[in-house]
Amino acid sequence: MSTLKNRYTLTQSQKMMIFVLSMSLYGLSNMFTELIPSLQLGPIELSVEYFAFIPLTLCMLFHPLYAAVGAAVGEVIFGELMLGQFGGLGELEKFITFSLAMYTAGRMVSDPKNRRQVGVAAISGVAIHQFFSSVIDIVKVWVGVEELEAVKGLAESIVIIEGVGFLNDVLFSGILFALLPTLYLVPRLYGKIEPLLGMKPRERNMKYASGAWLPPKLVIGGIILSLLALGAELLSESGWSIGEFELPGAESHEGSLIWLSMLAAAVVAAAVIIVLLRRAARRRQGGGQFDA
9 MSTLKNRYTL TQSQKMMIFV LSMSLYGLSN MFTELIPSLQ LGPIELSVEY FAFIPLTLCM
69 LFHPLYAAVG AAVGEVIFGE LMLGQFGGLG ELEKFITFSL AMYTAGRMVS DPKNRRQVGV
129 AAISGVAIHQ FFSSVIDIVK VWVGVEELEA VKGLAESIVI IEGVGFLNDV LFSGILFALL
189 PTLYLVPRLY GKIEPLLGMK PRERNMKYAS GAWLPPKLVI GGIILSLLAL GAELLSESGW
249 SIGEFELPGA ESHEGSLIWL SMLAAAVVAA AVIIVLLRRA ARRRQGGGQF DA
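Residue 221 in our numbering is what sits at position 213 of the sequence shown, and the numbering runs on without skipping anything.
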């Protein structure tokens with residue numbers, strides 16, 4: 009059977025469930041990272057950037073587009089809006105680069121049981137996101153919209169700073185909170201979590217789209233989106249902070265707002281899981297078949 013015939017498809021309700029589940033779970037995890045203190049080792053600061061294994065796992069088990077975008081939306085809602093602040097146009101850069109990185113990582117995995125594929129994709133997803141973020145930060149300094157010079161008068165020093173930060177995030181957060189958990193979860197959850205969404209697990213080596221995992225359209229689209237993210241960030245740093253706001257008292261009540269955001273994300277995630285479990289129970293009682 010051809011690859012096109014084996015193309016992985018989802019119904020609209022399944023896509024929405026994946027989106028909301030990814031949004032709530034990743035939003036909840038983001039609040040936990042806010043409570044974890046960073047560790048300073050000389051000039052190097054070790055901190056938990058994010059629990060990337062959550063969107064990575066969902067992107068590899070389900071359709072990567074809806075899981076990736078859902079996670080990015082969850083960060084905006086529960087990590088920004090629920091805390092009474094929003095970066096406006098500047099948030100577009102983070103949204104685009106994170107979604108693009110997670111989506112690309114998900115497309116790299118055609119067999120969730122293949123640990124090599126899963127491992128390479130997991131660390132690649134983090135590396136792609138951190139690479140985009142570092143390059144954009146470097147360009148902001150070189151263009152002159154942001155002042156950050158470790159050595160006075162030497163703008164090239166930002167390259168060293170961002171290079172160290174890139175390695176720290178990839179080797180620390182990337183390995184501990186992306187690679188290792190994803191390697192453990194994806195092969196074990198494959199074939200077990202999909203029935204909760206009312207569908208069969210996708211067949212091994214089944215692709216999300218015809219052609220190579222990194223087609224020219226994805227490369228060109230990624231470049232265009234990256235340039236859009238860079239332009240949005242440059243405009244934001246230049247004073248065009250469209251849509252930016254911070255509610256009065258948000259900073260002084262940050263601790264309480266974090267717990268409130270965690271509660272909201274947990275309620276949404278629990279509601280989605282309950283709905284999925286009830287659907288699965290009704291399907292079993294009725295002897296229904298999973299959606300194709």
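The beta-carbon is built from N, C-alpha and C at its ideal position, and this holds for glycine as well.
The structure displayed is predicted, hence computed values, not measured ones.
Residue burial classification, residue i (beta-carbon count within 10 angstroms, cutoff 16)
i           : result
residue 105 : buried
residue 102 : buried
residue 231 : exposed
residue 185 : buried
residue 210 : buried
residue 260 : exposed
residue 115 : buried
residue 293 : exposed
residue 262 : exposed
residue 275 : exposed
residue 246 : exposed
residue 44  : exposed
residue 228 : exposed
Expected contact under 8 Å - CB spacing of residue i and residue j to nearest Å
i           : j           : result
residue 96  : residue 244 : 7 Å
residue 69  : residue 194 : 6 Å
residue 35  : residue 273 : 4 Å
residue 205 : residue 22  : 5 Å
Proximal residues to residue i (C-beta, below 7 Å), its chain only, five neighbours per side dropped
i           : result
residue 113 : 64, 67, 129, 130, 132, 133
residue 142 : 170, 173, 174
residue 90  : 265, 268, 269, 272
residue 99  : 84, 88
residue 290 : none
residue 199 : 209
residue 138 : 174, 177, 178
residue 117 : 68, 125, 126, 129
residue 250 : 96, 97
residue 76  : 63, 67, 107, 110, 111, 114
CB contact flag (residue i, residue j, <8 Å)
i           : j           : result
residue 42  : residue 282 : no
residue 25  : residue 284 : yes
residue 146 : residue 172 : no
residue 81  : residue 39  : no
residue 78  : residue 28  : yes
residue 241 : residue 148 : yes
residue 288 : residue 203 : yes
residue 61  : residue 190 : yes
Other residues of its chain near residue i: CB distance less than 8 Å, five sequence neighbours each side excluded
i           : result
residue 140 : 105, 108, 109, 234, 237
residue 201 : 69
residue 226 : 112, 115
residue 123 : 191, 195
6 Å Cβ shell around residue i - same chain, five flanking residues per side excluded
i           : result
residue 182 : 131, 134
residue 192 : none
residue 72  : 111, 114, 115
residue 280 : 28, 29
residue 59  : 37, 185
residue 33  : 62, 277
residue 57  : 177, 181
residue 74  : 23, 26, 27
Legend entry - Completely contained alpha helix (DSSP H) runs for the stretch 92-122, where each covers 4 or more residues: Complete alpha helix (DSSP H) runs here, min 4: 99-115.
Legend entry - Every unbroken beta strand (DSSP E) within the stretch 35-86, with a cutoff of 3 residues, ordered by chain: 47-49, 52-54
Inset, instruction - Please list the segments of the alpha helix (DSSP H) lying wholly inside the stretch 167-233, counting only runs of 4 or more residues, in order along the chain. - result: 188-197
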